Structures are given as C-alpha cells and as structure tokens.
C-alpha cells in the first residue's frame, strides 16, 4: 500500500475521531485490505481514554499501520499457499 493511501486513511481516521462518539460513527471502517475491514470501534478499544490527544493519535496511527501490514502479509501468504497447505486440520 502506498504512503499516500496510508496517509489518506489516517486523515479519514482523524476526521472520524473528531466527530461525536455515537454508535454509528464507531462502526465506520477506517481501513480495508481485501475483504477485511478495520472499524473505528476497534481502534477506540485499543487506544486508552486517559491519554492526550497527540498520544492517542499516534497510537491510533500505529495500530492502523500495523493492522494493514498484518492483513497484507496474511493476504500475500494465502495467495502463495496451495489448498492443501492451507488445510491445517491434518496437523491438529
């Protein structure tokens, strides 16, 4: 994912975080990788309430970046695995 895309997503997150805390706002997606979404409510759950705005913004940005990287890695790994390799039930 390009830096511009990540910055765009982070900007959307900051705008969304500055809005009200209604339930509908927290269910808005802030990032998407393939068919998986990261919702604002998940970011809210990760960031502690009792820290400053700049610290919470940095934590949210870091959480989103790591989530995107993890999902991209999983997506790429799934593309490279055969159907048999994905089936781990034999190993259990």
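Numbering (our numbering), first residue to last: 2 to 93. Glycine included, C-beta positions come from ideal geometry on N, C-alpha and C. Just so we're clear, the structure is a prediction, and the values are computed from it rather than from any experiment.
Return the Cβ separation of residue i and residue j in integer angstroms, given the expectation that the two are a contact with Cβ distance under 8 Å.
{"i": "residue 37", "j": "residue 72", "result": "6 Å"}
{"i": "residue 34", "j": "residue 76", "result": "6 Å"}
{"i": "residue 41", "j": "residue 65", "result": "In fact, because the Cβ distance is near 10 Å, the residues do not count as touching under 8 Å."}
{"i": "residue 1", "j": "residue 69", "result": "Residue 1 lies beyond the residue range present for the chain, which begins at 2 and ends at 93; the question has no answer from this structure."}
Taking only the alpha-carbon atoms, compute the straight-line gap between residue i and residue j and give it to the nearest angstrom.
{"i": "residue 58", "j": "residue 10", "result": "13 Å"}
{"i": "residue 56", "j": "residue 90", "result": "43 Å"}
{"i": "residue 45", "j": "residue 84", "result": "36 Å"}
{"i": "residue 63", "j": "residue 88", "result": "32 Å"}
{"i": "residue 61", "j": "residue 43", "result": "10 Å"}
{"i": "residue 28", "j": "residue 92", "result": "37 Å"}
Does the Cβ of residue i have 16 or more other Cβ atoms within 10 Å, making it buried, or fewer, making it exposed?
{"i": "residue 74", "result": "exposed"}
Name the two residues that bound the continuous alpha helix (DSSP H) containing residue i.
{"i": "residue 87", "result": "84-87"}
{"i": "residue 66", "result": "54-81"}
Looking only at its chain, what residues have a beta carbon closer than 7 Å to the beta carbon of residue i, apart from the 5 residues adjacent to it on each side?
{"i": "residue 49", "result": "none"}
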